[in-house]
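Participant:
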Amino acid sequence: QKQLMESGGGLVQEGGSLKLSCTASRLVFAAYVSGWYRQAPGKERELVAHMVTYGATAYADSAKGRFTLSRHDDKNTLYLKMTGVKPEDTAVYFCAAGSYEGVEYWGRGTQVTVSS
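Residue numbers (our numbering): 1049 to 1164.
1. If we count the other Cβ atoms within 10 Å of its Cβ and call it buried at 16 or more, is Leu1059 buried or exposed?
2. Based on the DSSP secondary-structure assignment, which residues constitute the bridge partners of Phe1115?
3. If you count every other CB in all the chains shown that lies within 10 Å of the CB of Glu1136, and 16 or more means buried, which is it?
4. For Glu1054, which three-state DSSP category applies?
5. Between Leu1068 and Tyr1127, which are expected to be in contact by the criterion C-beta below 8 Å, what is the C-beta distance as a whole number of angstroms?
6. With distance defined between alpha-carbon atoms, name the residue in Asp1121, Leu1117, Met1099, Ser1073 nearest to Val1049.
7. What is the DSSP secondary structure of Glu1152, counted as helix, strand or coil?
8. Which residues mark the beginning and the end of the beta strand (DSSP E) in which Thr1071 is found?
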C-alpha cells in the first residue's frame, strides 16, 4: 500500500520559517508529479506548489518568493521550506503524489499555525 507521511508542522510566529517533510512508502516521488496542498478552516483545499518528475516546480501566487519545494531523491523525501510566514498561511498541509490528470495519493496532513 502506497503511503505518504508528513512531518514538520507546528506553531510559528509571523515572519518565521518552517520546513515540512514528506516521506513515502512503496512510492518513488521521482516517478510522480508531487507537491503540497493546504486547507484552511472553512476553505477548500488548494495547491501550494508542485514538482514534475524531472524536477521543474511551480507555485501558487501566495507561495511565490516565500516557499521552496524540493525533493531529495536519495532519501525519497519531499520538502516544503516556508519563510516569511503569514497568519493566512495557517492551514493543514497535505503532501500529494499523482499524475498530470490528478492526485492519486494523499498524506494525512500536518497542521501549520502562524501566530501574529
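Don't be surprised by glycine CBs; every beta carbon is placed ideally from N, CA and C.
Facilitator: Let's see:
1. Residue mapping note: residue 1059 aligns to position 11 of the sequence shown, counting from 1. Looking at its Cβ environment, which holds fewer than 16 other Cβ atoms inside 10 Å, Leu1059 is exposed.
2. In the sequence shown, counting from the first residue as 1, residue 1115 sits at position 67. Per DSSP, Met1130.
3. As a working note, residue 1136 is residue 88 in the sequence shown. Answer is exposed; the Cβ neighbour count stays below 16.
4. Locating residue 1054 in the sequence shown gives position 6, counting from the first residue. Strand.
5. Stepping through the sequence shown from its first residue, residue 1068 is reached at position 20. Stepping through the sequence shown from its first residue, residue 1127 is reached at position 79. Their Cβ separation, rounded to whole angstroms, is 7 Å, which keeps Leu1068 and Tyr1127 in contact under 8 Å.
6. Here residue 1049 refers to the residue found at position 1 of the sequence shown. One detail in the question is off: residue 1049 reads as Gln in this sequence, not Val. The residue with the shortest Cα to Cα distance from Gln1049 is Ser1073.
7. If you number the sequence shown from 1, residue 1152 lands on position 104. In this structure, Glu1152 counts as strand in the three-state DSSP scheme.
8. What you label residue 1071 is simply residue 23 of the sequence shown in a count that begins at 1. First-last of the beta strand (DSSP E) with Thr1071: 1066-1073.
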